[in-house]
Structures are given as structure tokens and as C-alpha cells.
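Numbering (the working numbering), first residue to last: 10 to 587. Structure first, then comments.
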Ligand SMILES: [Ca+2]
């Protein structure tokens, strides 16, 4: 079916979206025009009963509301949330002419009884395909979320249901690829606004878009494609070059396999023998030994990531095995493989496929093992084989066939196929998955919109260096400084979206709102460790030597958190961003 641009919808939200109040900004220097500041959202209460909402919404175009049910205050996605109305439905139900399957954009909205006047679109992770509870969860074992803060939150499956499309096999349907890539959120927005208007008597005053991983990708894609539709973007650990990252991870799997216990095996357990937990911890211990003190505090965290990359040398700072591997050394062959992977996957001709990865303190975690050894076989295989490449593999490929493909097919060819099109798949995955022009964000900037991005330095699937390169490009595109509308925070030690030996609990949504609506830009963000007793869930990766309540400032790139030289080493107050 043809795509339906959001702005072709004859919905009542259009007029209200065009009258966003602009007030004079503050903080601009004399030679820099101040950016507009958007007016603060005004709270409202749910009018009428939740259950009556379904009938009011019966006439929504292209939309079927399946239920509207009151939910009492309580936990949603492990976050304490207020009483709210949960509306579920689907849009654009259709049958694919290509694979014969039924598709729709499934969604839910959670509408707090006491509303803060704001909308939050929750970009979800992985390959989507499930309507994750619309808690507006903020990553990193959060104790808060958008719903808890009074936002009306929408979550969707992005146009396919993993139960009915056999997971990644939705990629056989060209329109499902496009909905997953960038179209679902745009198609949902008019419905979201109308639901809110019916629920509260007005459209949302301010609109936000956030998520982590693939959700961070959705957020950055929305900033690039729909920068005039939202006021703030929370971009977490974005896989904004997801097809490239997936091919790079497959490159890694093929390299790991050469130093695994059984180079003919197609299992994740075998791949994991290539670089064991003890050996990964060994490398991180060597990184910490070399780099920990560069930030002034010997605390198990490497804040000065950039300086560390030139100080740490895998070849000389980690022992080379002279006999059998025993966890205290790496073989020369292992070092070559790990060095290649961290330098960034390349084609056989030496062309970069994806970004490099920095050495950091968090390589020894179970999360890293999952991304390095399991993901190529059970996630990247389906993503590349069925969703990203043109042409795709057969939709009924078995798990063993997908694993064999990943471990034996040409990475060079995969890399070409993520840029390819044909008569059926008229848009390449690099087109539908990535921001079309990720450093051209004038639509966001000029209307007063703001972007906060974060990325864990020990993330093994999407590289912090890729996000950093995007931000460097954004700075260049804005005269060398993008900090008046976009800021990027590295999270030392943190794995993919959470975990790792890190202070991984932080609330950037509140900071984003304060920046958009009050003009208060975040000069640092306090992040906490999730030690024993943490309400967001204990982080099993925390070193025993850390205080359970350690805190650190996250600093806007390129600044680094440095110890002041005095004060409690467990407290963010003892560090400053420099
Ligand atoms: Ca340190």
C-alpha cells in the first residue's frame, strides 16, 4: 500500500500544531541570535470517564480503537505510575500482497488522569513488533518515566506483530520495512493528538520523542525527518546506522569464530569461547590500570575516554599467552581479532563498514557477551537477512539457516545489499532505517526544539564513537558549536542502554523539558549507580568496591568529569565537568 504522509490527514490537530507560542529565548551572546523558547505546557485533567473515550474515538480515520480501560496507580514497566486511562488500537490494517500476511500498526496510549500537557512518543527497541507498555521508560534502570511524570505516552509495534510475522520475517513485506524504519510514528501522530484532544479537551502543548537503542534510532530519525513536529528528542544509545552496525557485528562474529574452540560450530556458546568472560575482564582491568587516574580519581571509571585510547595498547598492556590460554593472557591470534573488531569492521578492500569501538572498563559483562556472541546469530541474522538486505533471504529460513548465513556469507556482499534496491524493495535499508541527513537539524533548532543524546562507552553493539562522530558533524554544521540546541553525554562504563560498571540511572527527560520550556540547558546530568536497594533494580555489574549510591556527573561532550581533588569520591559533588 502507498505510504500516507502525516500531513495529508484532515485532523483537527493541524491548527493547534501551528500556533506553538514562541517567546524570546535567553542566554544567547551578543553576536548570536537567541533561539526561540517554546512556551511551557499547561496541565489538564482527563475529562469524562476513560471508558467513554472509546465511543468518542469511533470515527478516527484509518484507526480502530480496541479498548479504553482505567488503570489504577501502580507499577508500569517497574516504574511507579499514576492512575491513567489505557487506550489500545491499531491503524492501517491491511494484507500484504507480497507475503500474504496481515499487518497493522498496533499501539497503546496511557493517559494520566492528571496530565502535564505533554505528549511522549516512546520509541521501542530491537526490531519492534510488540506494543511495549507505554511507560515512557527512560533507560538505565529508571525510577521514573514519562508516564510517571504526567505525560500522555504512546507506544507502538511500528507496523508489525512479531507473533504473526514470525519475528524478522516481516521484512519480506516492503511496506512493513518502511513502517518500521520511519513511517509508523508519523502515521500514529494525528491519531495520538486526536485521542489527547478527546481525552483532555485540547491537543498536547509540547511534544517529545524518546527511546534507547532502536528507540534512540527512532528518535534521531524523527529529529531529521519530523523536526517540525516535536519539541524535544531524547536520543539514547542510538542505533542510527543500524544496518551498518548489524553487518559490523556479523563481521565480528566471523572473526571471533576463527579463534573459537570449534571453528565449524554455528552456536553462540562456541563463539563465546573466542574471548571468554575472564579474558574480557582481563582487558578491561588493563584499560582501568592504564587510564583510571587520567581523570584525577582512581575509582574504576575511565572518564577521559579520548586520552585513554592513545594511552592503552592492547598489544603491550595485556599479556600474550606463551602457553595455553588460562584467562590471564590473550593469544596473539585473539589480540589480532579483538584489535580488528575494535578498530571497526571493514570490507576485504579495507572500506569502513561501521565505527570503531573504544576500550573501556565494561567489556567483562554478561551484556557484552550477549551482544558479541548471541546477537549475531539470533538478532543480526534476521535483521540483515530478512529486513535490511535486498533481496532478502527466504522468509521461512530456519534459525540454523540464518546462523549459517551469518557465519559463512560474504560480509562484503551484505554491506552492498544494505544499500541495494530492486523492483519490490524500492527503498534500501540504509535509506529507511537511518536519518536522511543527520546533521541537518535546522528544523529542530530554529523553532526552539532541543536534543539530548547519551551513549554508554562500553556499548558493544552500537558504538559511542558513531554517536560522537554524528555529534562532531552536527557541531561542524553549526559553526563549530551545537550546544545551544543539542547536547551529547557519554556514560563511562555503561553497556547498551544500561548496565556495566557505571552510574547508569539518570533522568534526562526532566532536563530536556527544562531546556525546551524554561531555557535551562543541562551543563551536567547527575547519574547514580544502582546498588543494593535501588528501586529501579540492582545492577549486577557494579564492582563490590563501589558505594551502592555512587553518583557522578555526566558531562556534555567533549567535556569530561574530573575529580576536584578533595571530597567524597563516591559523590558527584566531588567532580566537575571540564
Ligand atoms: Ca577514574
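Each residue gets a CB set at the ideal place from its N, CA and C atoms; glycine is no exception.
Among the options, nearest to residue i - alpha-carbon criterion
i           : options            : result
residue 72  : 58, 62, 98, 91     : 98
residue 411 : 294, 225, 177      : 177
residue 505 : 134, 552, 387, 129 : 134
residue 237 : 571, 496, 451      : 451
residue 110 : 137, 545, 170      : 170
residue 90  : 189, 45, 142, 261  : 142
residue 455 : 241, 509, 328, 289 : 241
residue 432 : 182, 222, 365, 453 : 182
residue 465 : 498, 478, 453      : 498
residue 233 : 112, 151, 444      : 444
residue 391 : 161, 61, 175, 68   : 175
residue 252 : 409, 364, 198, 547 : 364
residue 48  : 522, 503, 228      : 522
residue 306 : 587, 96, 578, 586  : 578
residue 587 : 574, 575, 564, 576 : 564
residue 221 : 517, 285, 480, 310 : 517
residue 131 : 195, 515, 421      : 195
residue 424 : 259, 248, 86       : 259
residue 434 : 58, 79, 179        : 179
residue 502 : 313, 152, 528, 201 : 313
residue 316 : 302, 115, 114, 359 : 302
residue 46  : 494, 261, 292, 304 : 494
residue 66  : 201, 361, 228      : 201
residue 362 : 250, 379, 271, 337 : 250
residue 556 : 546, 541, 338      : 541
residue 94  : 207, 327, 193, 460 : 207
residue 428 : 408, 400, 413, 269 : 400
residue 416 : 279, 480, 160      : 279
residue 270 : 68, 239, 333, 50   : 333
residue 529 : 584, 459, 463      : 459
Ligand 1 heavy atom lying under 8 Å from the CB of residue i
i           : result
residue 568 : no
residue 308 : yes
residue 304 : yes
residue 301 : yes
residue 162 : no
residue 311 : yes
C-beta contact flag for residue i and residue j at 9 Å
i           : j           : result
residue 147 : residue 121 : no
residue 562 : residue 581 : yes
residue 119 : residue 215 : no
residue 223 : residue 137 : yes
residue 507 : residue 158 : no
residue 389 : residue 491 : no
residue 509 : residue 376 : yes
residue 124 : residue 52  : yes
residue 537 : residue 512 : yes
residue 440 : residue 248 : no
residue 219 : residue 197 : no
residue 115 : residue 165 : yes
residue 163 : residue 92  : no
residue 381 : residue 482 : no
residue 320 : residue 372 : no
Closer than 8 Å: residue i CB and nearest ligand 2 heavy atom
i          : result
residue 91 : In terms of ligand content, the structure shown lacks ligand 2 and carries ligand 1 instead.
Is there contact between the stretch 251-267 and the stretch 374-386, where contact requires at least three CB pairs shorter than 8 Å?
yes
Say whether the stretch 560-576 touches the stretch 527-536, bearing in mind that this needs 3 or more beta-carbon pairs closer than 8 Å, one atom from each stretch.
Contact holds: three or more Cβ-Cβ distances are below 8 Å.
If you pair each beta-carbon of the stretch 482-490 with each one of the stretch 446-464, do three or more pairs fall below 8 Å?
With contact defined as three or more Cβ pairs closer than 8 Å, the stretch 482-490 and the stretch 446-464 are in contact.
Does the stretch 469-484 come close enough to the stretch 350-366 that 3 or more CB-CB pairs lie under 8 Å?
Touching, per the Cβ criterion.
Flag this pair as touching only if the stretch 292-304 and the stretch 368-380 have three or more C-beta atom pairs under 8 Å; answer yes or no.
The way I'd put it, the stretch 292-304 does touch the stretch 368-380; three or more beta-carbon pairs between them come closer than 8 Å.
Indicate whether the contact test is met: 3 or more Cβ pairs, each with one atom in the stretch 333-352 and one in the stretch 273-285, closer than 8 Å.
yes
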